[in-house]
DNA sequence: CATTCACATGACTGCATGGTCATATAATGA
DNA sequence: TCATTATATGACCATGCAGTCATGTGAATG
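Residue numbers (the working numbering), protein chains in the order written: chain A, 33 to 255; chain B, 33 to 255.
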């Protein structure tokens, strides 16, 4: 946790430090991020960083905390799951996740890097993946509702959805090199409406739906 | 490239050095691997490493080269694609890829780490993904043969398959913690026969098939 | 034996890093 | 005005790193 001193800072300065740090940790692996460089770019002395945070890891953790909070907030504001149709809910999640990644590319890259970071287990000692647990719940209850084909185990179904979901935000980011920032601004409002990646999500969901749906029922296609 | 001196070494010593290096680079991100530590574990002087390799990157590159060669060899020996049925060919690729990862877990982890490594572009300046290009070819020709649904773009279809393929080897590795080595030995022979992950591949292929197949034809289910 | 060549070695250099701390500066309040 | 408290600072430290090199060793060659 940051020190009280950090929170006493004038907002502008605090934001500057966070901005610079975020940019740095989002663009480089943990080991390649230098505290000295952050201090430099934020126009403060290196010693000051240690007046605000216990150490480098503490700063990193705080950024992750902010990212997590932002995403939670975003989802709680934009997402409400029906809980009846798995594929509808998945689509909602995909759209929200992708929109968040587009509107907060640095947060997204930060979190993405974290997943394979060298300090992952120092920060998240229990290495369970929360989003995976969540998806598992959805999939299993859908399985009980016979919305999922029975010739596929829950494990594989979860792997299937989770993998596609996790990588998709990054895929979108990679395929819109450079012009994130402006595009991010332009696409706010309706989530994943008419943008080019909105169409991609539709296609992806189509594939997931046919791939996962119970073939015996009428669930293979759009209702 | 390693120096001539390295190739003049007694085989045992050479192998020891490679083994230790491989273990190190497969288990840690590039920046966390220490040449001093490698030398230590391999029972040679640090200076010697630099008599065998130009620098740390050179050693790393050589390991990747060996991994690539091993995988190429493995595929050329175990894989022959019909080129007629996309899904059959995909299943063959999945099985071979997974089997390779199981029999050469360190090579697999090395390659996996490399994909997001901080020195990726120093080693592979053109950042094209060869396996993705290959898949793209398969998918596009299958598209031409109408084996793939027309309401999904080639890009998304490739993303769909490539993502699931790329992550699967790692998924299998993660879910067999600890006892790789013995299991690897036990499962050689027929590729992905009766092992627990053979079943998983079947399920995965089932999902991919239904997800990707052209719904208008008779291609949605096993032939 | 003497010379030459291939290889082995670890002390050493230079550098960057994370982190500390004595000191300086500014703000607060009596 | 003076004393106290909060904050800012950069020189400094210990550590670890990649990479170098003068010296040593030992085998082969004449």
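Quick reminder that beta carbons are idealized off the backbone N, C-alpha and C, glycines included.
Amino acids of chain A, ordered along the chain, whose beta-carbon sits closer than 9 Å to that of residue i
i                      : result
residue 205 of chain B : In chain order: nothing, as chain A lies at least about 13 Å away.
residue 150 of chain B : 60, 61, 63 and 64
Element boundaries [alpha helix (DSSP H), containing residue i]
i                      : result
residue 33 of chain A  : Careful: residue 33 of chain A lies outside any alpha helix (DSSP H) and carries neither H nor E.
residue 175 of chain A : 162-176
residue 155 of chain B : 152-155
residue 143 of chain A : 137-147
residue 181 of chain A : Residue 181 of chain A -> no alpha helix (DSSP H), and no H or E assigned at all.
residue 91 of chain B  : 88-110
residue 81 of chain A  : 78-84
Residues bridged to residue i [DSSP beta-bridge criterion]
i                      : result
residue 240 of chain B : DSSP, once it has assigned bridges, lists no residue as partnering residue 240 of chain B.
residue 49 of chain B  : Per DSSP, none; premise fails for residue 49 of chain B.
Residue i - DSSP class collapsed to helix/strand/coil
i                      : result
residue 70 of chain B  : helix
residue 220 of chain B : Confidence is the limiting factor: at residue 220 of chain B the pLDDT is only 47, short of 50, which leaves the residue's position unreliable and the question unanswerable from this model.
residue 133 of chain A : helix
residue 245 of chain B : strand
residue 40 of chain A  : helix
residue 208 of chain A : coil
residue 65 of chain A  : coil
residue 60 of chain A  : coil
residue 118 of chain B : helix
residue 158 of chain B : coil
residue 75 of chain A  : coil
residue 113 of chain A : coil
residue 214 of chain B : Its pLDDT being 46, under 50, residue 214 of chain B is placed unreliably in this model, and the value from its coordinates should be taken loosely. Residue 214 of chain B: helix per DSSP, three-state reduction.
Chain B residues whose Cβ lies nearer than 8 Å to that of residue i
i                      : result
residue 196 of chain A : 192, 195 and 196
Cross-chain neighbours of residue i in chain A, by beta carbon under 7 Å
i                      : result
residue 65 of chain B  : In chain order: nothing, as chain A lies at least about 11 Å away.
residue 199 of chain B : 195
residue 232 of chain B : 188
Beta-carbon neighbours of residue i, restricted to chain A and to distances below 8 Å
i                      : result
residue 235 of chain B : 183, 184, 185 and 188
7 Å Cβ cut-off: residues of chain B touching residue i
i                      : result
residue 238 of chain A : 183 and 184
residue 244 of chain A : 239
Review point. Three or more beta-carbon pairs under 8 Å between the stretch 190-197 of chain B and the stretch 192-199 of chain A, yes or no?
Key: With a cut-off of 8 Å on Cβ pairs, the stretch 190-197 of chain B is in contact with the stretch 192-199 of chain A, counting three or more such pairs.
**Study point:** Segment contact flag, the stretch 113-130 of chain B with the stretch 67-77 of chain B, C-beta cutoff 8 Å, min 3 pairs
**Key:** no
Check your understanding: Would the stretch 55-65 of chain B and the stretch 56-73 of chain A be scored as touching if the rule is three or more Cβ pairs under 8 Å?
Key -> yes
Review point. Are the stretch 98-108 of chain A and the stretch 135-142 of chain A touching by the rule of at least three beta carbon pairs closer than 8 Å?
Key: Touching, per the Cβ criterion.
Check your understanding: Would you call the stretch 230-241 of chain A and the stretch 109-122 of chain A in contact, with 3 or more CB pairs under 8 Å?
Key -> A contact exists between the stretch 230-241 of chain A and the stretch 109-122 of chain A.
Review point. How about the stretch 149-157 of chain A and the stretch 167-180 of chain A: do they share at least three Cβ pairs that are nearer than 8 Å?
Key: no
Exercise for review: Assess, as a yes-or-no matter, whether the stretch 34-43 of chain B is touched by the stretch 75-89 of chain B under the definition of 3 or more beta carbon pairs within less than 8 Å.
Suggested key: yes
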